[in-house]
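Report on the following structure.
Chains as they are written, first to last, in our numbering: chain A, 60 to 221; chain B, 280 to 350.
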């Protein structure tokens, strides 16, 4: 029997399991599972898995690509490339949702070193940061700052576009 | 929500809005703000339930209190 159907709001327990499955898959592979793979992992039907995908991104908050069921952002990660390239213990392949969320990726990989490589939006010159769950290991240049001209978290309607 | 090489670079960015000057903070300050349980606990297998718990709500309230405000 399916644990959930799209006519019901997903239970907290199934949302917990879905979040854990998606997050661990992204950490391991830098790719998010399609809802069909999520359905298999959770042993639920396809429509329920699609519904859970949309419910989850509305909570955490992430987003699907507009008009699709494809996960585009699952914080702290982005599945579409951004300027925030992430390496974990020297392995490349991930992107951060934004510059601030880049600093939170370390919490998902305890004991590992997360490197953030990004261009400065003002001049295009490179920045390099290394962090672990103890703090900032290195920053080049050391004067790096963060800034946003909008509400942190963003207006829900504009999330896919910011 | 971007990183810049320095405060001067952020101020020179064509998207800089003086009304959001409160959001111009050193990297270490943003890293500290993003050390709230809303972020650190994402590794939990019950993260959604945690964030909907009293403990999670308290953490989220603390996070919101630390976010920059528009002037």
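We treat Cβ as the ideally placed atom computed from N, Cα and C, and that holds for glycine.
Can you name, in chain order, every residue of its own chain whose Cβ lies under 8 Å from the Cβ of residue i, other than the five neighbours on each side?
{"i": "residue 306 of chain B", "result": "282"}
{"i": "residue 350 of chain B", "result": "297, 298, 299, 300, 301"}
{"i": "residue 78 of chain A", "result": "115, 119"}
Find the residues of chain A that neighbour residue i, judging by a C-beta separation of less than 9 Å, and give them in chain order.
{"i": "residue 284 of chain B", "result": "179, 181, 182, 184, 185, 186, 200, 202, 203, 204"}
Name, please, each residue of chain A whose Cβ falls closer than 8 Å to the Cβ of residue i.
{"i": "residue 302 of chain B", "result": "205, 206, 207, 208, 211"}
Can a CB atom of chain B be found closer than 8 Å to the CB of residue i?
{"i": "residue 103 of chain A", "result": "no"}
{"i": "residue 158 of chain A", "result": "yes"}
{"i": "residue 62 of chain A", "result": "Note on residue 62 of chain A: pLDDT 49, under 50, position unreliable in the model; no value is reported."}
{"i": "residue 74 of chain A", "result": "yes"}
{"i": "residue 108 of chain A", "result": "no"}
{"i": "residue 71 of chain A", "result": "yes"}
{"i": "residue 78 of chain A", "result": "yes"}
{"i": "residue 162 of chain A", "result": "yes"}
{"i": "residue 196 of chain A", "result": "no"}
If we define contact as Cβ-Cβ less than 8 Å, is residue i a contact residue for chain A?
{"i": "residue 309 of chain B", "result": "yes"}
{"i": "residue 339 of chain B", "result": "no"}
{"i": "residue 336 of chain B", "result": "no"}
{"i": "residue 344 of chain B", "result": "no"}
Quick one: what's got a C-beta closer than 6 Å to residue i's C-beta in the same chain, skipping five residues either side?
{"i": "residue 198 of chain A", "result": "188"}
{"i": "residue 170 of chain A", "result": "none"}
Can you have a look at residue i and say buried or exposed, based on whether 16 or more other CB atoms are within 10 angstroms of its CB?
{"i": "residue 124 of chain A", "result": "exposed"}
{"i": "residue 206 of chain A", "result": "buried"}
{"i": "residue 139 of chain A", "result": "exposed"}
{"i": "residue 179 of chain A", "result": "buried"}
{"i": "residue 324 of chain B", "result": "exposed"}
{"i": "residue 193 of chain A", "result": "exposed"}
{"i": "residue 343 of chain B", "result": "exposed"}
{"i": "residue 156 of chain A", "result": "buried"}
Counting only Cβ pairs nearer than 9 Å, list the residues of chain B close to residue i.
{"i": "residue 154 of chain A", "result": "Within chain B, no residue comes near residue 154 of chain A; the closest Cβ sits about 14 Å away, beyond 9 Å."}
In the DSSP output, what is residue i paired with across the bridge?
{"i": "residue 209 of chain A", "result": "Note: residue 209 of chain A sits in no beta bridge, so no partner."}
{"i": "residue 178 of chain A", "result": "A/185"}
Can you pull the chain A neighbours of residue i, defined as C-beta to C-beta under 7 Å?
{"i": "residue 321 of chain B", "result": "82, 166, 167"}
What does a CB cutoff of less than 7 Å around residue i pick up in its chain, not counting 5 residues either side in sequence?
{"i": "residue 172 of chain A", "result": "148, 189, 191, 196"}
Residues of chain B with CB under 7 Å from residue i, in chain order?
{"i": "residue 118 of chain A", "result": "327"}
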